[in-house]
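Here is the structure we will look at.
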């Protein structure tokens, strides 16, 4: 199993009473709540946390893209990846991912990821996502065309990485006379492509057709199981058995010395994540045209309560979050691995508004006691002088 440490880079300094005054932290939450001076300190703290994950023995580091939200202040994941490239040496850097359907031109993504791949010595994993419905409203892109734009952008990027240029590309949404990127990626034929998703049927089929790893994002255990089983069934219909390296899940994780301690320390920050960060009105999350009728029917038929309405116990019981002692986390992940057959685990990193000392403690306990138990022979050593 491979272990990645992922970071949303949330903005924890919310004004008093903001929960009552604003329905959501997305799109319309006033940016006067952002303090750039505090933001500078916070970005450096978050980068330290990601770099520390490499020192602790995680296989990779994960960053992602969101726009106009306090939930995650990483609108330009390639810039964050560039900062990590120069300050790390071993870990893979997984961009989970670039919202390629939102870009004005996919060749910019092809160039930026190729540059990162060369700079890093071939350590980049290129995740492609459509972006959630909110992103389209934030950037003024018609969500009705999101999937068409995604497919077209994907095809142009992969061709730019793998074909000699210049060549012409004529699509419905993107057109270029001379596709001829400099530099080209170091990894051949191109950096690994992952598809993180919360599980539309179309995304799963697209991943299977190209044998791309599929990673579920902050879904319940039941949803994760259904999605990974759907992926494996699609793979069988396509004539192959999906190996564990093509199946992944990302979950918030908190590790403490005991189960009771984990709950006491993590509960308020888990509830911040799900009740504040992920409280999104349906008309913003799923604007008209964003999902197909088939995927919308599947979503509605599941009959799930939104995680923003669940208690800490319910979030734990339904598998939206893992919190407990090292032994408890090891047992849960062993159970998940046996039942789901995944080979990629993305640790959700700092949870919501969690303070540095708790995030660092949990990160170290996971690296020292959970990873070695699930992958014997890989116990990390924290370098001398690394802050606790």
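Numbering (my numbering), first residue to last: 1 to 388. Ideal Cβ placement from N, Cα and C applies to all residues, glycine included.
- Straight across, the Cα-Cα distance linking residue 88 with residue 54 is about 7 Å.
- Pairing residue 50 with residue 84 gives a Cβ-Cβ distance under 8 Å.
- Rounded to the nearest angstrom, the gap between the Cα atoms of residue 254 and residue 363 is 8 Å.
- Here residue 106 carries a helix assignment [DSSP, helix/strand/coil].
- Residue range 193-197 is occupied by the beta strand (DSSP E) that includes residue 194.
- Residues of the same chain with a CB within less than 8 Å of the CB of residue 231, apart from the 5 flanking positions on each side, are 204, 207, 208, 214, 242, 246 and 247 in chain order.
- About 18 Å separates the beta carbon of residue 261 from that of residue 352, a gap too long to meet the 8 Å contact definition.
- Beta-bridge pairing by DSSP links residue 323 to 254.
- DSSP places residue 69 in the strand class (E or B) of the three-state scheme.
- In the three-state scheme derived from DSSP, where H, G and I count as helix and E and B as strand, residue 7 is classed as coil.
- Nearest C-alpha to residue 93 among 341, 120 and 109: 120.
- As for any alpha helix (DSSP H) of minimum length 4 sitting wholly inside the segment 54-101, the runs are 77-87, ordered along the chain.
- Sequence-distant partners of residue 35 (beyond 5 residues in either direction) whose C-beta falls short of 8 Å from its own C-beta, in its chain, are 13.
- According to DSSP, residue 188 shares a beta bridge with no other residue.
- Counting along the chain, the unbroken alpha helix (DSSP H) around residue 356 starts and ends at 356-365.
- Residue 179 is bridged by DSSP to 167.
- At the C-beta level, residue 128 and residue 58 stay beyond 8 Å of one another.
- Between residue 166 and residue 151, the CB-CB gap reaches or exceeds 8 Å.
- Under the DSSP definition of a beta bridge, residue 124 partners with 93.
- Burial is judged here by how many other beta carbons sit within 10 angstroms of a residue's own beta carbon; residue 223 has at least 16 and is buried.
- Assignment of residue 328 by DSSP, reduced to helix, strand and coil, places it in the helix class.
- Counting of Cβ neighbours within 10 angstroms places residue 65 among the buried residues, the total reaching 16 or more.
- By the Cβ criterion, the segment 170-185 is not in contact with the segment 273-293, since fewer than three pairs of Cβ atoms, one from each stretch, lie closer than 8 Å.
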